[in-house]
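Every position in the first sequence, counted from 1, becomes a number in my numbering once 3 is added. Just so it is clear, CB atoms sit at the ideal spot from N, CA and C, and this is done for glycine as well.
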Amino acid sequence: MPIKIYNSLTRKKEEFVPISDGRVLMYVCGPTVYALSHIGHARSAVAFDVISRYLRYRGYQVKYARNYTDVDDKIIAAADKEGVTSEELAERYIKAFDEDMAGLGVAVPEIRPKATETIVKIIEVTKALIAKGAAYPSGGDVFYSVRRKADYGKLSGKKIDELESGARIEVNEAKADPLDFALWKAGKPGEPSWESPWGKGRPGWHIECSAMCMEHLGESIDIHGGGKDLIFPHHENEIAQSESATGRTPYVRYWLHNGFVNIEREKMSKSIGNILNIRDVLRDHTGEAVRLFLLGSHYRNPIDYSRESLKEAETSLGRFYKTIQRIEDEAPGVRDIEVCASCNEERFMPVIEAMDDDFNAAGVIGTVFSEVTRANRMMDEAASAGKVPSAVELSNSIALFKETAKFLGIFGRTPSEYFAEVKALSSVDAKEVERLIAERNEARRTKDWKRADEIRVGLLEKGVALEDTPKGTIWGVKG
RNA sequence: GGCGGCGUACCCAAGUGGUUAAGGGAGCAGUCUGCAAAACUGCCAUUCAGCGGUUCGAAUCCGCUCGCCGCCUCCA
Numbered sequence: 004m005p006i007k008i009y010n011s012l013t014r015k016k017e018e019f020v021p022i023s024d025g026r027v028l029m030y031v032c033g034p035t036v037y038a039l040s041h042i043g044h045a046r047s048a049v050a051f052d053v054i055s056r057y058l059r060y061r062g063y064q065v066k067y068a069r070n071y072t073d074v075d076d077k078i079i080a081a082a083d084k085e086g087v088t089s090e091e092l093a094e095r096y097i098k099a100f101d102e103d104m105a106g107l108g109v110a111v112p113e114i115r116p117k118a119t120e121t122i123v124k125i126i127e128v129t130k131a132l133i134a135k136g137a138a139y140p141s142g143g144d145v146f147y148s149v150r151r152k153a154d155y156g157k158l159s160g161k162k163i164d165e166l167e168s169g170a171r172i173e174v175n176e177a178k179a180d181p182l183d184f185a186l187w188k189a190g191k192p193g194e195p196s197w198e199s200p201w202g203k204g205r206p207g208w209h210i211e212c213s214a215m216c217m218e219h220l221g222e223s224i225d226i227h228g229g230g231k232d233l234i235f236p237h238h239e240n241e242i243a244q245s246e247s248a249t250g251r252t253p254y255v256r257y258w259l260h261n262g263f264v265n266i267e268r269e270k271m272s273k274s275i276g277n278i279l280n281i282r283d284v285l286r287d288h289t290g291e292a293v294r295l296f297l298l299g300s301h302y303r304n305p306i307d308y309s310r311e312s313l314k315e316a317e318t319s320l321g322r323f324y325k326t327i328q329r330i331e332d333e334a335p336g337v338r339d340i341e342v343c344a345s346c347n348e349e350r351f352m353p354v355i356e357a358m359d360d361d362f363n364a365a366g367v368i369g370t371v372f373s374e375v376t377r378a379n380r381m382m383d384e385a386a387s388a389g390k391v392p393s394a395v396e397l398s399n400s401i402a403l404f405k406e407t408a409k410f411l412g413i414f415g416r417t418p419s420e421y422f423a424e425v426k427a428l429s430s431v432d433a434k435e436v437e438r439l440i441a442e443r444n445e446a447r448r449t450k451d452w453k454r455a456d457e458i459r460v461g462l463l464e465k466g467v468a469l470e471d472t473p474k475g476t477i478w479g480v481k482g
């Protein structure tokens, strides 16, 4: 069965057929590094992380590039404001972005080009565009001539005449047409600039992605991803540049766009002041819980971030790892059994079907939790029958979890790792908790229920939940 | 105004032509427990915003209406 992908260009789900058999060329727009990255960047990165992992899982040889746009008006402005160079500022935020991605468990794409390292190619593409009459120099700038491309607007569904000279487009008398956009900008004193046939200057927005993509992947690629907001003008312009420069159509076979993250039902924006940075979220939530939250809705749909929704993800993850812990306790060794998905095809099929259908990770998560219930039920039934649970059955559950973890990037740790991280993130004093548990157990031993309950309630108020099990009292952090 | 999308239970959210409409959270009841918690079981949408149409058959396709949202300007 082929993988089906919703293609923004055709606005349809299509069978995925790569340019060359078994290989995938994939480019995703990374951040413009002028500030800390926010939860929206996290969504995009996690979505395409899962997509690239899944394509590999399905046997494709994937070449995945995600760029850093490290020269740009906003970077220059932010650097000026701080009195540092744009290189310094960009480097700082590249490092911060990488740290945030690591915190979210996002695999590092094998190619991570920077705009500033691709200047030669940018100039080459710009020259080619001028040579073909698709662009023109004007002063020290170079502009792309939008009206020269017959199918301009095909991605965003816009018609040039409707975009018209307008109201909301910056007037610039250097442009032949108000809709034309800059490929190259003449350098101003104090700004980063490079030598070019048009004098010193720097690349405009859009051209860097075309150039980086061409340089590292090729003139025609399989998948190009990014946030929905990039459809226009960024990706539209990328198509125009690339196709005009190379004469090859299509530049990209499948355009994928992820939906937005809203904050408490509001759009996240600078003006509302509700930008949620990844590192702020990771201060008191595990990366895995954030990932589960992000993957809980289909990547194209908008999602709403709230304290509640993240707490739900945490509760679910706790349930998952508690079950894994239980399997380890009741069937030691099962976790390490060498398992293969094909031993277990019937059960695993829904997972593959969901992922094949436009990477429906949310559907997969549903299957995982059905399996959690199934495993628990099995163990309950075995226990009440006074039997040992079936190691084969449990290893099938573990197999499903392990396989899923490979591309979802969640459900893959050991319970002790997970719970240790949760405890470390909380402000709970473990030593104190252990002491109180000992005190409570002493009270329980002497049947001093009043004191025992008092301690339990007191701990619960501090966010510590106790469970008395046959093997002793265990505790966990509750949101 | 143009373009695109969405509307599934108390909340979140899969399902996009054909079995009893996944899963999670919350709630209620039960088993278990000193009591809890956890886990499990049962209950919780005869119905998918509304109205028409196509079809043997629709939450799924088409049309209209209502409501919400995004893009058209820097933005993941």
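- Taking 8 Å as the cut-off, the Cβ atoms of Ala334 and Pro418 do not count as close.
- In the DSSP secondary-structure assignment, Val27 is bridged to Val65.
- The DSSP-derived three-state label of Pro140 is strand.
- By the criterion of a C-beta distance shorter than 8 Å, Glu267 is surrounded in its chain by Asn277, Asp307, Tyr308, Ser309, once the five residues flanking it on both sides are discounted.
- The DSSP assignment places 64-69 as complete runs of the beta strand (DSSP E) inside the region 46-115, in order along the chain (cut-off: 3 residues).
- Per the Cβ contact rule, the region 33-47 is in contact with the region 80-93 (3 or more Cβ pairs under 8 Å).
- Pro206: member of the beta strand (DSSP E) spanning 204-206, first to last residue.
- In the DSSP assignment, Val255 falls within the beta strand (DSSP E) that extends over 255-261.
- With a 10 Å radius around the Cβ and a threshold of 16 neighbouring Cβ atoms, Asn304 comes out exposed.
- Shortest Cα-Cα distance from Tyr254 to any of Met217, Phe263, Leu279 involves Met217.
- Around the beta carbon of Ser213, a 10 Å sphere encloses 16 or more other beta carbons of the protein chains shown; the residue is thus reported as buried.
- In this chain, the alpha helix (DSSP H) harbouring Trp452 covers 452-464.
- In chain order, Val145, Leu186, Trp187 place their CB closer than 6 Å to the CB of Thr129, counting only its own chain and leaving out the 5 sequence neighbours on each side.
- Here the alpha carbons of Ala45 and Asn261 stand approximately 11 Å from one another.
- In the DSSP annotation of this structure, the continuous segment of the beta strand (DSSP E) that includes Asp225 starts and ends at 224-230.
- Judged by DSSP in its simplified three-state form, Lys16 adopts strand.
- CA-to-CA, the gap between Glu165 and Tyr155 works out to about 12 Å.
- One alpha carbon belongs to Glu239, the other to Val460, and they sit about 59 Å apart.
- Exclusion of the five residues before and after Ala99 leaves Leu39 as the residues of its chain whose Cβ lies within less than 6 Å of its Cβ.
- Val425 sits buried, since 16 or more C-beta atoms from the chains shown fall within 10 Å of its C-beta.
- Shown here, Asn347 sits in a helix according to DSSP, grouped into three states.
- For Thr35, the secondary structure class from DSSP, reduced to helix, strand or coil, is strand.
- The alpha carbon of Gly136 has as its nearest neighbour, out of Glu198, Glu246, Ile275, the alpha carbon of Glu246.
- Going by C-alpha positions, Gly108 is about 32 Å away from Lys124.
- With fewer than 16 other beta carbons inside 10 angstroms of its own, Asp339 counts as exposed.
- With a contact defined as Cβ atoms closer than 8 Å, Pro206 and Val74 qualify at about 7 Å.
- When the Cα atoms are used, Glu269 and Ala50 turn out to be separated by approximately 21 Å.
- According to the DSSP assignment, Val371 belongs to the alpha helix (DSSP H) that extends over 364-387.
- For the pair Leu12 and Leu132, the CB atoms are not nearer than the 8 Å cut-off.
- Shown here for Asp360: same chain residues with a beta carbon closer than 7 Å to its own, the five before and five after excluded, namely Lys7 in chain order.
- Residue pairing by DSSP places Glu470 opposite Ile477 in a beta bridge.
- About 19 Å separates the beta carbons of Ile114 and Arg256, which is beyond the 8 Å limit, so they are not a contact pair.
- Within its own chain, the residues whose Cβ lies closer than 7 Å to the Cβ of Ala433, once the five positions on either side in sequence are excluded, are Lys426, listed in chain order.
- Per DSSP, Lys117 is not a residue of any beta strand (DSSP E), being assigned neither H nor E.
- About 18 Å separates the beta carbons of Asn347 and Asn379, which is beyond the 8 Å limit, so they are not a contact pair.
- Val436 and Glu317 have their C-alpha atoms some 21 Å from each other.
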